[in-house]
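Those protein sequence lines, which keep their order, are chains A and B. If you're matching positions, the first sequence starts at 26 in the working numbering and goes up one per residue. If you're matching positions, the second sequence starts at 26 in the working numbering and goes up one per residue. By construction, the Cβ of each residue, glycine as well, lies at the ideal position given by its N, Cα and C atoms. Since the structure is predicted, the reported quantities are computational estimates derived from the model, not experimental observations.
Protein chains: 2
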Amino acid sequence: MEELSPRQREIFLWVRERIVATGFPPTRAELQAAFGFRSPNAAESHLRTLARKGYLSLQGGTARGIRLAAGKGEAAGLPVIGRVAAGQPILAESVAEGFLPIDRGLFAGADYLLRVQGMSMRDAGILEGDLLAVSQRKDPRSGQIVVARVDNEMTVKRWYQEGHQVILMPENPDFAPITVDLRTQSLAVEGIVVGLLRRGEFL
Amino acid sequence: MEELSPRQREIFLWVRERIVATGFPPTRAELQAAFGFRSPNAAESHLRTLARKGYLSLQGGTARGIRLAAGKGEAAGLPVIGRVAAGQPILAESVAEGFLPIDRGLFAGADYLLRVQGMSMRDAGILEGDLLAVSQRKDPRSGQIVVARVDNEMTVKRWYQEGHQVILMPENPDFAPITVDLRTQSLAVEGIVVGLLRRGEFL
DNA sequence: CCAGATACTGTATTTTTATACAGTATCTGG
DNA sequence: CCAGATACTGTATAAAAATACAGTATCTGG
Numbered sequence: 026m027e028e029l030s031p032r033q034r035e036i037f038l039w040v041r042e043r044i045v046a047t048g049f050p051p052t053r054a055e056l057q058a059a060f061g062f063r064s065p066n067a068a069e070s071h072l073r074t075l076a077r078k079g080y081l082s083l084q085g086g087t088a089r090g091i092r093l094a095a096g097k098g099e100a101a102g103l104p105v106i107g108r109v110a111a112g113q114p115i116l117a118e119s120v121a122e123g124f125l126p127i128d129r130g131l132f133a134g135a136d137y138l139l140r141v142q143g144m145s146m147r148d149a150g151i152l153e154g155d156l157l158a159v160s161q162r163k164d165p166r167s168g169q170i171v172v173a174r175v176d177n178e179m180t181v182k183r184w185y186q187e188g189h190q191v192i193l194m195p196e197n198p199d200f201a202p203i204t205v206d207l208r209t210q211s212l213a214v215e216g217i218v219v220g221l222l223r224r225g226e227f228l
Numbered sequence: 026m027e028e029l030s031p032r033q034r035e036i037f038l039w040v041r042e043r044i045v046a047t048g049f050p051p052t053r054a055e056l057q058a059a060f061g062f063r064s065p066n067a068a069e070s071h072l073r074t075l076a077r078k079g080y081l082s083l084q085g086g087t088a089r090g091i092r093l094a095a096g097k098g099e100a101a102g103l104p105v106i107g108r109v110a111a112g113q114p115i116l117a118e119s120v121a122e123g124f125l126p127i128d129r130g131l132f133a134g135a136d137y138l139l140r141v142q143g144m145s146m147r148d149a150g151i152l153e154g155d156l157l158a159v160s161q162r163k164d165p166r167s168g169q170i171v172v173a174r175v176d177n178e179m180t181v182k183r184w185y186q187e188g189h190q191v192i193l194m195p196e197n198p199d200f201a202p203i204t205v206d207l208r209t210q211s212l213a214v215e216g217i218v219v220g221l222l223r224r225g226e227f228l
């Protein structure tokens, strides 16, 4: 598929956004007005180029007869994060395994899905390979399950706090709790777990 | 909101289906042709009635200027099933707790979500309150987790079969396996578990 | 029984909309 | 350097589309 020029890309994104915002594709006149063209043929010409390059299709002689090509709609869903290198931001694009088609309303406030590694939370029903829906909030309450960085290691534990004292509690007797004194040690909360999902070979 | 007459309902569902199928709303001429009206004003009149009753809105003087009213799109997602009475079909409307906005591609072949009751599968990471995505297939392979009816009781267990012998294996030492001889006992497989999700107070 | 609803027919007009055709200016890769 | 691309201007026409207005037939709830 051919590349789009910057202007073409701008026009394509606008068309796509208009379809979402209004429920139907725009007309040439609407495109002309939005981009300040003096001639309707500018709009027509750009749409024909986008169609020729495979980004959308035009249904001839039909009002608003514009369809986005398959796969060209907005990317829906949440990114799936596997392993995160020490020190690297979680949502760096380079670490995402892909996207899953999840309505963001399903898990309240979720920003990404994190692949579980290890069995420290087994007795909470969180197994290796599970996907945790994580909201990038940093204000956990005691009892919530968090994604935290301790000494640059990612960990998922249940959070308990009393004053300066934080306990990151595993739920597997084979793992020891992690105790952190916030006055003398650093602890980064990356997010709060708001959901879990499991499928395929992990069942 | 006023009730629709049968014909109005038929027309409304057709408009909605056309929006999904084509990516844009139909014209009056398309509606006229689809329903065999001899006059375009029949189409116009029905659309105005649907708008007046609050099912859609019309943007005047605009080609294809039809929008579904909020909440009138197709219900997306999967039904959530809580308790199922003995003998009752799972997907009877009356037992659904609601719908969750889940893309059906997320869990391959899923037909409904079943709320877990009991802890018999705890060591498989399936806890009370979890939602299991279930595909209404009745041909499980050994090792798969199934939803079955034994003596009219719903149960979720891992399926193992050798010849006529089926073992429905819990994964919690507090529960006994269920052994079934298919030659002499009846066993109904309602579906195969294809996914799990957990959120909210169950975390 | 009948007013008011639904469900259309019929005709016509206006506006919207797509698109054809002819052209210019600028940019850029070979 | 230049062919071929992008990014438009300008004008015009034809077809699509919405919608107005006038009407009939049937149904149904009060």
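Alpha carbon of residue i to alpha carbon of residue j, nearest angstrom
| i | j | result |
| --- | --- | --- |
| Gly79/B | Asn66/B | 20 Å |
| Pro50/A | Leu72/A | 12 Å |
| Val205/B | Gly123/B | 34 Å |
| Gln161/B | Glu42/B | 26 Å |
| Thr209/A | Phe132/A | 35 Å |
| Gly61/A | Gly216/B | 57 Å |
| Arg147/A | Ser145/B | 15 Å |
| Ile106/B | Arg174/B | 15 Å |
| Gln169/A | Val181/A | 10 Å |
| Leu93/B | Ser70/B | 17 Å |
| Asp164/A | Pro202/B | 43 Å |
| Gln142/A | Ile151/B | 18 Å |
| Arg183/B | Ala213/B | 14 Å |
| Val171/A | Leu139/B | 27 Å |
| Arg53/A | Leu83/B | 20 Å |
| His189/A | Leu207/A | 5 Å |
| Ile91/A | Gln57/B | 22 Å |
| Leu97/B | Arg166/A | Per the sequence presented here, residue 97/B reads as Lys, with Leu not at that position. Each residue's alpha carbon lies about 38 Å from the other. |
| Leu31/B | Pro31/A | In the sequence under discussion, the amino acid at residue 31/B is Pro, which differs from the Leu named in the question. Taking the straight line from one Cα to the other gives about 51 Å. |
| Val218/A | Arg77/B | 45 Å |
| Gly48/B | Ala46/A | 13 Å |
| Arg89/A | Leu125/B | 32 Å |
| Glu28/A | Tyr185/B | 53 Å |
| Gly134/A | Asp128/A | 11 Å |
| Glu196/A | Asn197/B | 16 Å |
| Ala59/B | Ile44/A | 24 Å |
| Val191/B | Met194/A | 39 Å |
| Leu103/B | Asp136/B | 7 Å |
| Thr74/A | Gly86/B | 28 Å |
Interface partners of residue i on chain B, CB under 9 Å
| i | result |
| --- | --- |
| Ile170/A | Leu228 |
Per DSSP, the bridge partner or partners of residue i
| i | result |
| --- | --- |
| Arg183/A | Ile170/A and Met194/A |
| Tyr80/B | DSSP output for Tyr80/B lists no bridge partner at all. |
| Ala158/A | Leu138/A and Gly220/A |
| Val45/B | Partner(s): none; Val45/B has no beta bridge. |
| Ala88/B | In the DSSP output, where bridge partners are listed per residue, Ala88/B has none listed. |
| Ala213/B | Arg174/B |
As assigned by DSSP and simplified to three states, the class of residue i
| i | result |
| --- | --- |
| Pro51/B | coil |
| Phe124/B | strand |
| Leu221/A | strand |
| Leu103/B | strand |
| Ile203/B | strand |
| Leu56/A | helix |
| Glu226/B | helix |
| Leu93/B | strand |
| Glu69/B | helix |
| Ala149/A | helix |
| Glu35/A | helix |
| Leu75/B | helix |
Under 8 Å by beta carbon: chain A residues contacting residue i
| i | result |
| --- | --- |
| Leu139/B | Within 8 Å Cβ-Cβ: nothing; Leu139/B doesn't reach chain A, min ~14 Å. |
| Gly150/B | Arg147, Gly150, Ile151, Leu152, Asp155 and Arg223 |
| Ala88/B | Thr52, Ala88 and Arg89 |
Cross-chain neighbours of residue i in chain A, by beta carbon under 9 Å
| i | result |
| --- | --- |
| Gly48/B | Ile44, Phe49, Pro50, Ile91, Arg92 and Leu93 |
Partners in chain A for residue i, counting only beta-carbon separations shorter than 7 Å
| i | result |
| --- | --- |
| Val218/B | Leu228 |
Neighbour list for residue i in chain B, Cβ cutoff strictly below 8 Å
| i | result |
| --- | --- |
| Ile127/A | Ile127, Asp128 and Leu131 |
### Query
How about the region 146-155 of chain A and the region 214-225 of chain A: do they share at least three Cβ pairs that are nearer than 8 Å?
yes
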